[in-house]
Amino acid sequence: MKKYILMLSILSMTVWACPVAADNMGDVNINGFISQGFLYSDTYNYLASDTKSGSFEYNEAGICFSKQLNDKLHLGLQLFSRDLGDASNNKITLDWAYADYRYKDWLGLRAGRIKLPFGLYNESRDMDMLRTSIVLPQGIYTDLLRDLIIAVNGAGVYGNVDLSVAGNLEYQLLAGAMNVDLDSGIGKYMEVFLNPMGASIAGTVVNNKIYAGALRWEPPIVGLLFGYSFSKVGNLEIPISLGSSIGSMASSPMSQIFSVEYTWNNLVLTAEYFFSDSGDTSVQFPFFQFTRTVKQESYYVSAAYRFVDWFTLGAYYSEFYPDSDDKDGDNVSQEQYYHDAWEKDLALTFRFDINDNWIFKIEGHAVDGTALVFRADNPKGDEDPGSRFYYGAAKLTVVF
Amino acid sequence: MRIKKLIWVIVFLALLPALASAEDVVVITNPSVSAVALRKKDVRNIYRGKKTTWDDGSKIVFVVLKKSPTHDRFLKKYLGKTDAQFDRFWQKQVFAGKGIPPRAFDSDQAIVNFVANTPGAIGYISADTKIANVKIITVQ
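Chains as they are written, first to last, in the numbering used here: chain B, 3 to 402; chain L, 2 to 141.
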């Protein structure tokens, strides 16, 4: 809480210094945003730990500083804080910070902590004002994994290639390492895979390599965009405990997303397909070891229409399967319900742009399947509460 | 027959705003810019920060008008975007550390003055704006 207040203080001072819009102090551009949300659910606690009673533990705040040093060199950094139930708890983090040298339009170099271009929304997932929905489709943009996949510490190349009559091709390639902070929600997410084995995380998670890339092709049809992105984790080592035994789990997952977006006047249509393969995930203990491969799959389709300047209506439908070889829950463990094998989410959002700086949204979700309902927040009882549940979210955002 | 004529008049009147909007935004550059014509795609790439240098290697300085009918017409005609979509595009660039949004001016005349005095500058104005020391660019 103290950290959140500190972050708000920094933002408040900046807002005071620039009451109308982004500030510019000696050619240093300063921009920021603050979002405060509320979550409420009926049958299960979802996203945060106590949403059945309603939870305000759902916020984000960020402030970024950037400066164009010369025609080719750009520097910037962003401080970020968020709360999602018992995850993150408003710890202030260095969200991104990098130097960008643009040699030519088709070739630039970035080094530092760089945002991961994964799907259409990973880079902008914290900026509530940039999209219609409050909660992104969780099968692809899982909020508990946000801190793990938001940025990479490393270097990369990028550029925009003019394909003449074939349109534009934008590319980005990155290599580096991820920050793995178990308090940021990653630990909770990993329980989904460890709990069925009766295991839990027993130490610091190590990752020293990740490779990622993204292609975005804009064909000559204005408003149409095709995207492809991938990330390959070189080696993720997780110390785990099983009873009194200490062992380890090692994995090198590869994830891919295919995206398409079409914008026509005030209508935006989007669809994305996600596929992830854990590769051979080996679990090793002193007395036994085994190898398992898990393939995840998710997709969504969405539409948003801006009726007037101040009102946009949006909707999406998404499906997620944590094990794409078991979409019906035939092979779930005894610790799970059969409906933990999927999540099907229908969402409807009302967005109100109060003015250029203030946005209010309200959203409802009808969900079938509990693949992303975490046991830590919903201990398994004798009776199955069922596969269907509803949750809602509201959020107020200010951007400057 | 009268009904036919009436329909033609209605169609003409309906198309009039579109015909007018196609004519009343012009793209201007500083006289130092060697290009005499640009592709629509070039304008789109310049205003999304994807094309940052002219063909001779000099830096492109692109500027915009603040909210106005001319601004809306320019965005729709050359970028296929609404004002809100354009703003969000640049907010995304800013918060991902990928760029700094273009400088925005209150009036067409302010754009003319800035472009006239800034080497490599490009802007757009309403066609009836008085111009001096800038070059009108043909966009194909």
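For each residue, glycine too, the CB sits at the ideal point set by N, CA and C. Just so it is clear, the structure is predicted and the values come from calculations on it, not from any experiment.
Check	Outcome
Residue-chain proximity (W98/B, chain L), Cβ-Cβ < 8 Å	yes
Inter-stretch contact (C-beta, 8 Å, three-pair minimum) for the segment 110–117 of chain L and the segment 59–66 of chain L	yes
Nearest candidate by alpha-carbon position, reference R40/L, set D107/L, I132/L, N31/L, D56/L	D56/L
Per-residue contacts from V95/L into chain B (C-beta, under 8 Å)	A24, N31, N33, C66, S68
The segment 121–137 of chain B in contact with the segment 185–200 of chain B per 3-pair CB rule at 8 Å	no
6 Å CB neighbourhood of D379/B in its chain, flanking five on each side removed	N47, S51
Outcome for F292/B when other beta-carbon atoms lying within 10 angstroms are tallied against a minimum of 16	exposed
Close Cβ partners of D43/L (< 7 Å) along its chain, the five nearest in sequence each way excluded	K52
Within the segment 29–97 of chain B, ranges of the beta strand (DSSP E) (whole runs, at least 3 residues)	30–43, 60–70, 75–86
Between the CA atoms of S108/L and V310/B - distance to the nearest angstrom	25 Å
Neighbour flag for D149/B against chain L, beta carbons, 8 Å	no
Beta carbon of I152/B nearer than 8 Å to that of L122/B	no
is_contact[D130/B, chain L] using C-beta, thresh 8 Å	no
Rounded separation between N210/B and E385/B - CA only	43 Å
Proximity below 8 Å, CB of L147/B to CB of G87/B	no
Beta carbon proximity, I47/L to chain B, threshold 8 Å	no
3 or more residues per run - each beta strand (DSSP E) lying fully within the segment 342–381 of chain B	345–355, 360–370
DSSP beta-bridge partners of A122/L	V62/L
Supposed contact pair Y393/B and L41/B - C-beta distance, whole angstroms, cut 8 Å	7 Å
Euclidean distance between Cα positions of G56/B and F313/B	26 Å
G394/B in three-state terms, based on DSSP	strand
Reduced DSSP category for G388/B - H, G, I as helix; E, B as strand; rest coil	coil
Members of the segment 236–263 of chain B near chain L, C-beta cut-off 9 Å	none
Cβ contact (3+ pairs, closer than 8 Å) linking the segment 237–246 of chain B and the segment 261–277 of chain B	no
Sub-8 Å separation of Q38/B and L398/B beta-carbons	yes
Proximal residues to Q258/B (C-beta, below 6 Å), its chain only, five neighbours per side dropped	F232, F277
Interface partners of A38/L on chain B, CB under 8 Å	Simply none; closest approach about 16 Å.
Same chain only: Cβ atoms within 7 Å of F106/L, ignoring 5 sequence neighbours per side	V64, L66, K67, I112, F115
Neighbour flag for R135/B against chain L, beta carbons, 8 Å	One point to set straight first is that residue 135/B is Ser, not Arg, in the sequence displayed. So no, S135/B is outside the interface.
Proximal residues to N359/B (C-beta, below 7 Å), its chain only, five neighbours per side dropped	V400, V401, F402
A122/L to V34/L span [Cα, whole Å]	8 Å
Proximity below 8 Å, CB of D107/B to CB of G34/B	no
A201/B: first and last residue of the uninterrupted alpha helix (DSSP H) it sits in	Careful: A201/B lies outside any alpha helix (DSSP H) and carries neither H nor E.
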